[in-house]
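Engineer:
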Amino acid sequence: MIGVFDSGLGGLTTLKSFLKELPDYDYVYLGDNARAPYGGKTHDVIYGHVCEALRFLFLQNCELVVLACNSASAEALKKIQQEFVPNNFPDKKVLGVIVPVAEGVEEFVTRKKMDANNIRVGVIGTRATIESKVFEKELAKRSFSGEILTRACPLLVPLVEENWINRPETKTILKKYLWPLKVNNINILVLACTHYPILYNEIKHAIGRKVFVLNPPDIVARKLRSYLERHQEIAKKLSKNKKRLFFTTDNIESFSRFISNFLYLKNPQVKKVKLA
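Whatever position you read off the sequence shown (first residue = 1), add 5 for our numbering.
#1: In the DSSP assignment, what residue or residues form a beta bridge with Lys276?
#2: Here's a check: name, in chain order, each residue in its chain whose Cβ is nearer than 7 Å to the Cβ of Asn246, leaving out the five neighbours to either side.
#3: According to the neighbour-count rule (16 or more other Cβ atoms, all chains shown, within 10 Å of its Cβ), is Ile191 buried or exposed?
#4: Alpha carbons only, please: which of Ala73, Phe63, Gly36 is nearest the one belonging to Leu229?
#5: For Leu219, name the three-state secondary structure that DSSP assigns.
#6: Confirm, please, whether the CB-CB distance from Leu250 to Val99 is below 9 Å.
#7: Please identify the residue among Glu111, Val70, Arg227, Pro273 whose C-alpha is closest to the C-alpha of Glu26.
#8: Under 9 Å between the Cβ atoms of Ser168 and Leu196?
#9: Quick one: grab the DSSP three-state call for Phe140.
#10: Going by DSSP in three states, Arg262 sits in which element: helix, strand or coil?
#11: Excluding the 5 residues preceding and the 5 following Gly45 in the sequence, name in chain order all residues of the same chain whose CB lies nearer than 8 Å to its CB.
#12: Mind reading off the beta-carbon distance from Phe23 to Phe63? Whole number of angstroms is fine, and I expect it under 8 Å.
#13: Taking DSSP's pairing of strands, which residues face Lys241 in a bridge?
#14: Give the range of the beta strand (DSSP E) segment to which Arg156 is assigned.
#15: So, for Glu261: in the same chain, excluding its five sequence neighbours on each side, which residues have a beta-carbon less than 7 Å away from its beta-carbon?
#16: Taking its Cβ as the centre, do 16 or more other Cβ atoms sit within 10 Å of Asp11, making it buried, or is it exposed?
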């Protein structure tokens with residue numbers, strides 16, 4: 006099975022793209038809604054939460070887990086891959102979402118034949134992701150020579166978790182967050198939080214037509230397909246029965262309702278779990 010983990014609802018955007026790109030595989034989704042958002046927490050706290058989540062998912066027979074959470078990928082992935090997994094589950098694999106998105110930026114610039122020296126990339130995310138400067142580091146590895154402007158948007162995750170998607174208050178907050186990027190004439194906007202694609206249309210409207218808004222879940226799904234094609238030894242371990250299981254650390258009813266509406270699934274199998 007493929008595990009998908011997020012601090013809350015945001016990872017469902019990634020899972021939705023997985024279901025389109027790789028529909029035959031079995032998936033287990035875990036949302037740590039009770040402790041969301043992760044963006045304002047310290048490195049050690051995030052790492053501890055992610056270890057608990059991975060232990061649970063591996064015990065659910067997941068061979069591969071995708072951290073569909075930028076904060077978790079930025080703050081914990083490297084240590085997870087170097088220490089936790091080798092020491093506890095050496096036969097398992099954990100992937101993040103930041104490297105695929107950075108690659109997506111590079112590919113978009115190349116495909117559009119843009120002048121890499123004069124590009125302005127805007128990045129919005131949680132405080133943990135923005136302060137880690139992980140996107141600056143990943144783009145620098147790819148010899149990106151343009152300008153990168155970042156903006157922490159801490160209110161967006163709670164708004165999504167409360168399902169305040171189309172509320173006027175959310176639209177007002179979005180405009181205020183995006184205004185500094187808009188007036189600085191960015192060319193590309195990266196949504197560095199898996200919750201943000203749920204606000205994709207609202208973000209596109211707020212940032213304006215001149216800015217291309219990347220859709221990270223689709224990029225991550227394509228990259229996962231490519232990864233499995235390159236690593237057949239992992240792909241062969243993954244079951245293909247189109248099974249979907251969902252776990253949350255908080256309210257089952259609201260979580261189930263969101264899953265049904267967002268993934269168009271009738272009567273999703275949802276259970277509550279305690280990680281701590």
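Where a beta carbon is used, it is the ideal one built from N, C-alpha and C, also for glycine.
Structural biologist: A quick look at the data gives this:
#1: Phe252
#2: Asp31
#3: buried
#4: Ala73
#5: coil
#6: no
#7: Arg227
#8: The amino acid occupying residue 168 in the given sequence is Asn; Ser does not appear at that position. No, they are not a contact pair.
#9: helix
#10: helix
#11: Thr131, Arg132, Ala133, Pro159
#12: With a Cβ gap of about 18 Å, Phe23 and Phe63 do not count as contacting.
#13: Partner(s): none; Lys241 has no beta bridge.
#14: 152–157
#15: The identity of residue 261 in the sequence shown is Ser, whereas the question assumes Glu. Counting only Cβ-Cβ distances below 7 Å, and skipping sequence neighbours, we find Pro273, Val275.
#16: buried
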